[in-house]
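One structure is given here, and the rest of the page talks about it.
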Amino acid sequence: MEIKERINVNKKTILPIVLSIALLITAYWGYNQYKEKQRYHTHLVNDFQRRYFDLLSSVQTINTDLSKLLVSSGSKENMILYSNIWRNAYNAQEEISQFPMKHGQLQKTEKFLSQLGDYTFAMAQKSIKDENLSQKDRENLEQLRGYASTLSVSLNELRDQTFSGKVIKLQLKDKPIEAKENPMQNKFIQFEERMVEYPELIYDGPFSDHVAAGISPRLEGKKISFEEAKNIVKKYFGNVNVKADSKEPGGKLNTYSLTAYKNEKNPIYIDVTQTKGYFATILNNRTIGKPKLSKKQGIKKANEFLEKIGFKNMVSTYTLTYNNALLINYVYKEDDVVMYPDLVKVKIALDNGEVVGLDATKHLTSNYKRQLKTPAISIEEAKKKMGNRGKLDGEGRLCVIPTKSLQEIFCYEFKVTYKEETFLIYINAHTGREERILKLIKQENGTLTM
Numbered sequence: 001m002e003i004k005e006r007i008n009v010n011k012k013t014i015l016p017i018v019l020s021i022a023l024l025i026t027a028y029w030g031y032n033q034y035k036e037k038q039r040y041h042t043h044l045v046n047d048f049q050r051r052y053f054d055l056l057s058s059v060q061t062i063n064t065d066l067s068k069l070l071v072s073s074g075s076k077e078n079m080i081l082y083s084n085i086w087r088n089a090y091n092a093q094e095e096i097s098q099f100p101m102k103h104g105q106l107q108k109t110e111k112f113l114s115q116l117g118d119y120t121f122a123m124a125q126k127s128i129k130d131e132n133l134s135q136k137d138r139e140n141l142e143q144l145r146g147y148a149s150t151l152s153v154s155l156n157e158l159r160d161q162t163f164s165g166k167v168i169k170l171q172l173k174d175k176p177i178e179a180k181e182n183p184m185q186n187k188f189i190q191f192e193e194r195m196v197e198y199p200e201l202i203y204d205g206p207f208s209d210h211v212a213a214g215i216s217p218r219l220e221g222k223k224i225s226f227e228e229a230k231n232i233v234k235k236y237f238g239n240v241n242v243k244a245d246s247k248e249p250g251g252k253l254n255t256y257s258l259t260a261y262k263n264e265k266n267p268i269y270i271d272v273t274q275t276k277g278y279f280a281t282i283l284n285n286r287t288i289g290k291p292k293l294s295k296k297q298g299i300k301k302a303n304e305f306l307e308k309i310g311f312k313n314m315v316s317t318y319t320l321t322y323n324n325a326l327l328i329n330y331v332y333k334e335d336d337v338v339m340y341p342d343l344v345k346v347k348i349a350l351d352n353g354e355v356v357g358l359d360a361t362k363h364l365t366s367n368y369k370r371q372l373k374t375p376a377i378s379i380e381e382a383k384k385k386m387g388n389r390g391k392l393d394g395e396g397r398l399c400v401i402p403t404k405s406l407q408e409i410f411c412y413e414f415k416v417t418y419k420e421e422t423f424l425i426y427i428n429a430h431t432g433r434e435e436r437i438l439k440l441i442k443q444e445n446g447t448l449t450m
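Under the UniProt record's numbering, the first residue of the sequence shown is numbered 1, with each subsequent residue one higher.
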């Protein structure tokens, strides 16, 4: 009897203890879930703010450079302005494509930025020939400047709300948000409405900047964990503190977004792919000092960097020097065939040779084992297709070039000099048809293709 009473007492004592422990475990789990969600939300806010201010900076610079073009009369100065506008228009388009907006809501804005960049490249051809801007050219540039100014004003008006995180918080709501409730969506809708009168511009931009748009990533292989991604960053950057607000991959390429700190004032933003652990992007916005390295030394640093992080068989095709840094475009080469769609951009600081920028997203999206058929015409037959158009520099080479319709063409590439001007001519390796002609423009700070 006494034993039964003791058992009953023990049951009465143990049950509340067990329930209390279960309650504590549940509360602890709930708290951890809350903190994880909060960290993820903070990551979204920080990532959005970074992209937003990069966009704002690019649009403000575009607006300023368009204003300068309207009063500039020097072809050399114009070429620098044209290349700056193209680069910033491309950067702005990249940033805006990542904004948390519904598909199609920014269609006209993205189109404006895309055509602005390509149009300024087409206008650069006139500058090279020392042709003055026509009245129609000035009218187009004035209209483009007006739209850039309007976009800049709209973005500036959103600045305080972006700092507070209000914009991204609204965007993260579960229910659809009306434009009147969402300041960012509202501003872009207003801007899109003003684009009704936007002129269709005729241009012929360089094919390297139409690569990978709308293509699903082809990257395949083993998937790595968040901790493995952190270790990859530490292996390359050395003694750095690596932080992340979310351990989950995201974006088109499924990348882990991390921030490496050599010191608190110099964050380095890095994206590492979940598949195979490649660096997709690196952004280090540190101030770059007076150049101490030559262009040749900068290219050597970039070559070594690409080898180290696993991008093999890359060849440089384009360089541009600006703001004490060297920007180099690389493309993949396989079996002596240059694959122009597989593009990687590397930015080297010329004060110490440090890599301060990388964009490998196009390469990681487009690169795959291509089953190229044997050319139907020989290189000698392809040369004959060109006729007598000038002096041929070198023997030519095989390459794959992208088209605006997201297809690829197998070509012979020939470098030709005519009346002290240099061109790249692309002859279809199967049909013998001329596919493209690009003009190489050598400037003080780099080489452009038109």
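We treat Cβ as the ideally placed atom computed from N, Cα and C, and that holds for glycine.
Between which two residues does the alpha helix (DSSP H) containing residue i stretch?
i	result
I232	F226 to F237
I268	Segment P267 to T273 is the beta strand (DSSP E) holding I268; no alpha helix (DSSP H) there.
Y322	Per DSSP, Y322 belongs to no alpha helix (DSSP H); it is in the beta strand (DSSP E), M314 to Y322.
K383	I379 to M386
Alpha carbons only, please: which of the options is nearest the one belonging to residue i?
i	options	result
residue 474	K265, I282 and L326	The first residue shown for the chain is 1 and the last is 450, placing residue 474 beyond what the model contains.
I96	N284, G146 and Q49	Q49
M339	F423, Q93 and T317	T317
S225	S20, G277 and M314	G277
N329	S154, H363 and N323	H363
P402	V355, S134 and R436	R436
P341	G298, L372 and L406	L406
N367	L219, N156, I409 and E307	L219
V272	R286, E248 and V356	E248
R370	V400, A376 and G387	V400
K391	N285, K419 and I282	K419
Q93	K136, Y82, R286 and F112	F112
M386	E408, F423, G357 and L358	F423
L81	F410, I425 and Y322	Y322
K68	K439, R138 and R433	R138
Within a Cβ cutoff of 7 Å, which residues of the same chain sit near residue i, ignoring the five residues on either side of it in sequence?
i	result
I14	none
A148	V59, I62, N63 and L66
S57	none
D351	I288, G289, K290, P291, K292 and N324
G310	Y278
M123	Y82 and D137
Which stretch, first to last residue, makes up the beta strand (DSSP E) that contains residue i?
i	result
R397	K391 to P402
A260	T255 to Y261
A349	V337 to A349
E421	E421 to N428
F279	F279 to N284
N241	N241 to K243
G298	Looking at the DSSP string, G298 is not in any beta strand (DSSP E); the run it does join, the alpha helix (DSSP H), is K295 to K308.
L358	V355 to D359
Grouping DSSP H, G and I as helix and E and B as strand, with all else coil, what is residue i?
i	result
V71	helix
F414	strand
I328	strand
I437	strand
L141	helix
I409	strand
G30	helix
E334	strand
L219	coil
L19	helix
G432	coil
G146	helix
G250	strand
N352	coil
I14	helix
Can you name, in chain order, every residue of its own chain whose Cβ lies under 6 Å from the Cβ of residue i, other than the five neighbours on each side?
i	result
A382	Y412 and I427
G353	L293 and K301
R397	E413
N84	D65
S152	V59, Q60 and N63
V356	N284, K347 and A349
N91	S58
Using C-beta distances below 8 Å, list every residue in its chain close to residue i, excluding the 5 sequence neighbours before and after it, in chain order.
i	result
residue 455	For residue 455 there is no data in the structure shown, the boundaries of the chain being 1 and 450.
A429	P375, A376, I377, A382, L398, F410, C411 and Y412
K222	T275 and K276
S127	S75, N78, M79 and Y82
* Cβ contact check for the segment 295 to 303 and the segment 61 to 72: 3 or more pairs under 8 Å -> no
* Asked: Can you find at least 3 beta carbon pairs, one from the segment 332 to 350 and one from the segment 222 to 241, that sit closer than 8 Å?
  -> no
* Take every Cβ of the segment 258 to 274, pair it with every Cβ of the segment 321 to 335, and state whether three or more of those distances are shorter than 8 Å. => no
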